[in-house]
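S.K.: Questions regarding the structure given below will be posed in turn.
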Amino acid sequence: MAGLTYILDDLDYYSVAHQTYLGYATKSGPVGNWSEEAFAEVVVGGLSSRIMTKRPLTVLGIGSGAGDIDRKMMSKLLPLFPEVHNTIVEPSESQLSLFKELVKEDKGDLPNVTFTWREDTVDRYVEELESNLGGSGGICERFHLIHLVHSLYYTDDLTRTLRVLHQALEEGGVLFISILPNDSVFNKLDDIQIKHGASRPRLWTDQDVTASLDSLRLPHRLDRGTWCTPSSLCFQENSQDGQHLLDFWTHTKNFRRTASKDLQEEIFACLRSPASSKTETDGEILFFRDWVHITVVKE
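Structure representation (structure tokens):
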């Protein structure tokens, strides 16, 4: 359908929609609780037992957005690693600016945390990293932790990206990936829109990542969790926040204004289905969002 605009074709608008989503996601409480617990147990616990370094812990965050998740990660790392250097790779200038503002606000809580900022895509950064790892004259810093929280979708060559990032780890380092499962609500909504003629890239899922890791013979651990996001406003035509939420879930800019009536009906039916959402006693509709965490340790 030519009239539907893929939301990532406008990164500034995506930033606005994503921040709106995060604002409502935190209202349900456990937006980060399960992920924080998994990160603390699997990643931080593992790093503390394997990494003995007198220099700062080196962390690479790819697609870190406005830094909300990175800040939670820092709160888990700092008690065990008091000095941390973060390299942040993010393609959206507006998201990167929000992250920098967040760092300024938290400066008192991050006295020994330093940052290098890169406004870049995952593929361009990985290409440079691969060149430096190959010894072509560049200086390649290796990392104790590399994390991609819902950003691995946007690489064109999944296996190459995983291979290069694994090579860029220090011995004992961790590659930590958060990604949607194959049966996620997002994929269902994409499939419906593609059926109606929408043009958009296919997002990688947990099955693609594990298949690539298997092909590289890299052992990995999977953990899966679910939380619910208040989303009733998606069904209110005159709500600005509702528009942002709906656009975020459908990955379509101005979905309500540009989608056909038939497509809207099918999308809303999917969102209201028991497989996608539940309704609380107060009438609030909560959409399900599943995460799969994939952890790879460099032995």
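Under the working numbering, think of the first position of the sequence shown as 58, with each following residue one higher. Just so you know, even glycine gets a beta-carbon here, dropped at the ideal spot from N, CA and C. In this text, all values refer to a predicted model and were calculated from it rather than measured experimentally.
Which residue marks the beginning of the beta strand (DSSP E) containing ASN143, and which one marks its end?
M.R.: Its beta strand (DSSP E) spans residues 141-146.
S.K.: Which residue from LEU61, TYR78 and TYR70 puts its Cα closest to that of PHE344?
M.R.: Comparing Cα positions, the closest option is TYR78.
S.K.: Consult DSSP for LEU246 and reduce its assignment to one of helix, strand or coil.
M.R.: Looking at LEU246 - three-state DSSP - the assignment turns out to be helix.
S.K.: Leaving aside the five residues before and after LEU155 along the sequence, list all residues of the same chain whose C-beta is less than 6 Å from its C-beta, in chain order.
M.R.: Cβ within range, chain order: ALA123.
S.K.: Hey, how far is the Cα of ILE64 from the Cα of LYS111?
M.R.: Distance between the alpha carbons of ILE64 and LYS111 is about 44 Å.
S.K.: Within the chosen definition, does the segment 206-220 reach the segment 269-289 through at least 3 CB pairs nearer than 8 Å?
M.R.: Yes, since at least three Cβ pairs between the segment 206-220 and the segment 269-289 fall closer than 8 Å, the two stretches touch.
S.K.: Smallest Cα separation from VAL266: which of SER296, LEU302, GLU228 and HIS350?
M.R.: When only C-alpha atoms are compared, the closest one is HIS350.
S.K.: Write down every uninterrupted run of the beta strand (DSSP E) in the segment 278-313 whose length is 3 residues or greater and which is fully enclosed by it, in chain order.
M.R.: Runs of the beta strand (DSSP E) inside the segment 278-313: 278-287.
S.K.: Hey, quick one: how far does the alpha helix (DSSP H) through LYS335 stretch, first residue to last?
M.R.: Per DSSP, LYS335 belongs to no alpha helix (DSSP H); it is in the beta strand (DSSP E), 334-336.
S.K.: State the CB to CB distance for the pair LEU16 and GLY120, rounded to an integer number of angstroms; the pair is presumed to be in contact (CB under 8 Å).
M.R.: Here the chain has residues from 58 to 356 only, and residue 16 is not among them.
S.K.: Can you tell me whether DSSP reads SER208 as helix, strand or coil?
M.R.: SER208: coil per DSSP, three-state reduction.
S.K.: To the nearest angstrom, how far is the alpha carbon of LEU246 from that of THR171?
M.R.: Straight-line Cα distance between these residues: approximately 39 Å.
S.K.: Would you mind working out which of ALA316, GLU228 and GLU185 sits nearest GLY103, comparing C-alpha positions?
M.R.: Of ALA316, GLU228 and GLU185, the residue nearest in Cα terms is GLU228.
S.K.: Assess contact between the segment 290-299 and the segment 232-244, defined as three or more Cβ pairs (one per stretch) separated by less than 8 Å. Is contact present?
M.R.: As far as the Cβ criterion goes, the segment 290-299 does not touch the segment 232-244, which means the pair count is below three.
S.K.: Along the chain, where does the beta strand (DSSP E) that runs through ARG175 open and close?
M.R.: From DSSP, the beta strand (DSSP E) with ARG175 extends over 170-175.
S.K.: Mind checking which residues open and close the alpha helix (DSSP H) that includes VAL266?
M.R.: VAL266 -> alpha helix (DSSP H) spans 263-272.
S.K.: Counting C-beta neighbours from all protein chains within 10 Å, is the total for ILE126 16 or more, i.e. buried, or is it exposed?
M.R.: It is buried - the Cβ of ILE126 has at least 16 other Cβ atoms within 10 Å.
S.K.: Can you tell which of GLY60, VAL231 and VAL73 has the C-alpha that lies nearest to the C-alpha of SER105?
M.R.: It is VAL231 whose Cα lies nearest to the Cα of SER105.
S.K.: Using CA coordinates, which residue listed in GLN264, ASP66 and PRO148 is at the minimum distance from SER235?
M.R.: Taking only the C-alpha atoms, the option nearest SER235 is GLN264.
S.K.: Alpha carbon to alpha carbon, how far is PHE312 from VAL146?
M.R.: Distance between the alpha carbons of PHE312 and VAL146: 29 Å.
S.K.: Judging by CA-CA distance, which residue of LEU202, PRO139 and SER317 is the nearest neighbour of ARG107?
M.R.: Selected option, being the one with the closest Cα: LEU202.
S.K.: What's the call for GLU322, buried or exposed, on a 16-neighbour Cβ count within 10 Å?
M.R.: Per the 10 Å Cβ criterion, exposed.
S.K.: Tell me which same chain residues have a C-beta within less than 8 Å of the C-beta of ARG329, skipping the five on either side of it?
M.R.: Answer for ARG329: ILE342, listed in chain order.
S.K.: Considering only the alpha carbon of each residue, which of SER317, PHE233, GLN152 and ASP347 lies closest to TRP284?
M.R.: Nearest C-alpha to TRP284: ASP347.
S.K.: Per DSSP, which one or two residues make a beta bridge with GLY118?
M.R.: ILE145 and HIS204.
S.K.: According to DSSP, which residues form a beta bridge with PHE233?
M.R.: Answer is HIS204 and THR352, bridged to PHE233.
S.K.: Assuming GLU185 is part of the alpha helix (DSSP H), what are its boundary residues?
M.R.: That run of the alpha helix (DSSP H) goes 179-190.
S.K.: Determine the direct distance from the alpha carbon of GLY118 to that of PHE138, and round the result to whole angstroms.
M.R.: Distance between the alpha carbons of PHE138 and GLY118: 17 Å.
S.K.: So the alpha helix (DSSP H) ALA97 belongs to, where does it begin and stop?
M.R.: Counting along the chain, ALA97 falls outside any alpha helix (DSSP H), and DSSP gives it neither H nor E.
S.K.: Which same chain residues end up closer than 6 Å to GLY299 when comparing Cβ atoms and leaving out the 5 residues on each side of it in sequence?
M.R.: Cβ within range, chain order: LEU290, CYS291 and GLN293.
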